[in-house]
Amino acid sequence: MPYAGLKDCVEDLDRTGQLLRVREEVDANLEMAEIQRRVYAARGPALLFTRVKGTTFPCLSNLYGTRERTQFLFRDTLAGVKALLKLKGDPMAWARKPLSYLGLPFTALHALPRKVPGPAVGACETTIAGLPQIVSWPKDGGAYITLPQVYSEHPDYPGLRHSNLGMYRIQLSGGAFRPGRELGFHYQIHRGIGVHHHAAIRGGGKLPVSVFVGGPPAHALSAVMPLPEGMPEIFFAGMLAGRRFRYGMRDGHMLSADADFCITGSIDPARTLPEGPFGDHLGYYSLAHPFPVMEVEKVYHRRGAIWPFTVVGRPPQEDSHLAELIHELAGSVLPTEIPGLHGVHAVEASGVHPLLLALGSERYAPYADRKPRELLTIANAVLGFGQLSLAKYLLIAAREDNPGLDLRDVGAVFRHVLERADWREDLHFQTRTTMDTLDYSGTGLNAGSKLVIAVAGGKRRDLAKEAPSALEQSLPSGFARLAVALPGVLLVSGPAFRDPIRARADLAEFIRAWEFRFIAPDASEYQYLLGFPLIVVVDDAAFAAKTLGNFLWNTFTRSDPAKDVHGLWASQEDKHWGCRGALLIDARSKPHHAPALESDPETVRRVEALGAIGKSLHGLI
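Everything in the sequence shown is counted per my numbering, starting at 5 for the first residue and increasing by one.
As structure tokens, this is what we get:
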């Protein structure tokens, strides 16, 4: 049965034993977020906070906290939406299996938005100060809306068909914003609202926006879904919800009739104010930078409104399951959009955008050397496709060399790539390019580099699985411990990174020492060292080697390819850089990096008290 709103969803979860009511009064400042993180880690239920300090509205979190619950929320519509997306990419699929597509007309019918008089969300009004002021991390610049749906229309082509519904974090308080009258908007330069923003600049007027909070879960998912060109998010929201997107108009603004809250106003494209800091999904704070400002006009809410929120941080977190569902839905679309592509996987443990894995075909010509050729064409297309353009490291392999390779098995993909990589040929850099706004490993905001590693052909080497402990005794000064993260991946604890000049000198000394062992080595040692084609210098090798997630997060959030990738016996020919020996990545923390997220100890103590016998969270935390 389709959910008419968030209340229906909450009642459904309650009936099926997937909801827990937190009866105690909790503080929106840090406590609720700490509870969310702890319950998520325990694979616990959705949480309804019924007594929140400073607001009369109950708050809902951990709605998407497990893969099973996320699938449950969309159980009635997911198959139909998948079929429709597949049909868009392969229009003749219906002819091959017509019975599989019998329900599509009904799914498609739900795509048409429906205008209604007197939308329920407009029944009551409140103020920005009356909304839940949720602060997730100790150094956040204020309270934020973390599950907003931001609606805008193209100024030159007004109407639903050229609309955008996106999820961009919104700062409710703090900073230089006028309290209750201005909100901070943080959106990436490539997002759909960015197109509308630039059109407003050209036209010299303000950009009207509406911020929806709550409503059917399908509306929130649609706001983050990378949709095919020409499919507005509110059309997709109706299909995924199994119920047409209902809307009304108030003072020239669109109101989502099924939302719990709606904030209306406009963005002056000529104005910016510092937004942030904010503890983000890479596991670090994104710092304060100038971003657009929303001038608030009205704050509406329905009767019995519920305020949903999520907490992001070092993955995995609740948003990881939304990302999984997006991969599931978009996975059938991408190969039809990019010829030769068989699949992509944005690695959640690395912070999503820093590391992307892909499989493609290598069919350009039956060359005996099996060098990547078509793979490079595919890689360029991937890096130009929607949010995939934010990828920093892209590892792409030829499917023909291992048809059973599963991109979700990150260890297997690394093994496949490292067994085949020729570092003289297979490294392809893009320097001084645009990057993820949240990634501080590069040269500045939205600035950094990318590296494509493309491999095709047979196995070149066996990979070593144990650290050569005898070498620890002969490491250069400042380099301490060796550990193995994956077969063929050697981790080295390096000296603290103080400045680029000293860091280059440290690495040069390490590389010279390592190269020296290949000059006249013991034969068995020589062969063993060849089994480590990738060396990563980290702050703490024991930490980075403890779990696969630690290795991925440490390596790919703390390195910029152009600055931090080095190699043994490196050389450059016709502006192509490569190396004959092991590739080396400097993944130490640098002074220009944003600080990592840490919980407030006092908040942790208060939250743990809620796990005592007789308290709401007993048995969960």
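Cβ coordinates follow ideal geometry from the N, Cα and C atoms, glycine included.
- Look at arginine 25 here: in three-state DSSP terms it is strand.
- In the three-state DSSP reduction, alanine 487 falls in the strand class (E or B).
- Residue environment analysis places serine 140 among the buried positions, since at least 16 neighbouring C-beta atoms fall within 10 angstroms of its C-beta.
- For arginine 118, same chain residues with a beta-carbon under 6 Å away, outside a window of 5 residues either side, are Arg248, Arg250 in chain order.
- Aspartate 568 places its beta carbon less than 8 Å from that of isoleucine 589.
- Residue state for proline 343 is assigned as coil, using DSSP reduced to three classes.
- Restricting attention to Gly415, Val421, Gly390, Val386, the CA atom closest to the CA of arginine 403 is found in Val421.
- Here threonine 54 is actually not in contact with arginine 19; their C-beta atoms are around 18 Å apart, not less than 8 Å.
- Residue ranges of uninterrupted beta strand (DSSP E) with 3 or more members, entirely inside the region 106 to 168 and ordered along the chain, are 152 to 157.
- In this structure, the beta-carbon distance from methionine 258 to alanine 224 does not fall below 8 Å.
- In the three-state DSSP reduction, valine 43 falls in the helix class (H, G or I).
- In terms of CA proximity to glutamate 322, Ser65 leads the group Lys11, Gly347, Pro595, Ser65.
- Here phenylalanine 520 is exposed. Its C-beta has fewer than 16 other C-beta atoms within 10 Å.
- Just measuring C-alpha positions, the residue of Arg73, Glu129, Glu378 sitting nearest glycine 308 is Glu129.
- The C-alpha of aspartate 255 lies about 25 Å from the C-alpha of tyrosine 191.
- Annotation for isoleucine 457: the continuous beta strand (DSSP E) segment containing it runs 451 to 459.
- In the assembly as shown, leucine 587 is a buried residue. Its beta-carbon has 16 or more other beta-carbons within 10 Å.
- Of the candidates Ala147, Asn168, Gly390, Arg465, Ala147 places its Cα closest to the Cα of phenylalanine 313.
- Residue range 71 to 77 is occupied by the alpha helix (DSSP H) that includes glutamate 72.
- For aspartate 272, the enclosing beta strand (DSSP E) has its first and last residue at 265 to 279.
- For tryptophan 581, the enclosing beta strand (DSSP E) has its first and last residue at 580 to 583.
- Under the three-state reduction of DSSP, phenylalanine 313 is assigned to coil, being neither helix nor strand.
- Contact annotation, leucine 361 with histidine 346: C-beta distance approximately 11 Å; criterion of less than 8 Å not satisfied.
- Contact fails between the region 552 to 563 and the region 324 to 343, because fewer than three Cβ pairs, one in each stretch, are under 8 Å apart.
- Taking a cut-off of 8 Å for Cβ pairs, the region 376 to 390 and the region 412 to 427 do not touch, as fewer than three such pairs fall below it.
- Short of 6 Å from the beta carbon of proline 480, and not among the five residues preceding or following it, lie these beta carbons of its own chain, in chain order: Glu513, Phe514, Ala517.
- Comparing C-alpha distances from phenylalanine 239 to each of Leu164, Ala353, Gly498 shows the shortest one belongs to Leu164.
- Within the region 406 to 431, the complete alpha helix (DSSP H) segments of 4 residues or longer fall at 414 to 424, listed in chain order.
- Ranked by how close their Cα comes to the Cα of proline 278, the residues Glu237, Gly415, Leu176 have Leu176 in first place.
- Glycine 252 is bridged by DSSP to Leu259.
- Burial state of arginine 173 is buried, judged by a 10 Å Cβ sphere holding 16 or more other Cβ atoms.
- Leaving aside the five residues that flank valine 228 on each side, the residues in its chain whose CB is nearer than 6 Å to its CB run, in chain order, Met171.
- Taking a cut-off of 8 Å on C-beta distances, the region 283 to 296 does not touch the region 258 to 268, as fewer than three cross pairs fall below it.
- Taking C-alpha positions only, histidine 200 is separated from histidine 293 by approximately 21 Å.
- Note that the C-beta distance between threonine 268 and serine 214 is below 8 Å.
- Our two residues, lysine 619 and glutamate 72, have alpha carbons roughly 26 Å apart in a direct line.
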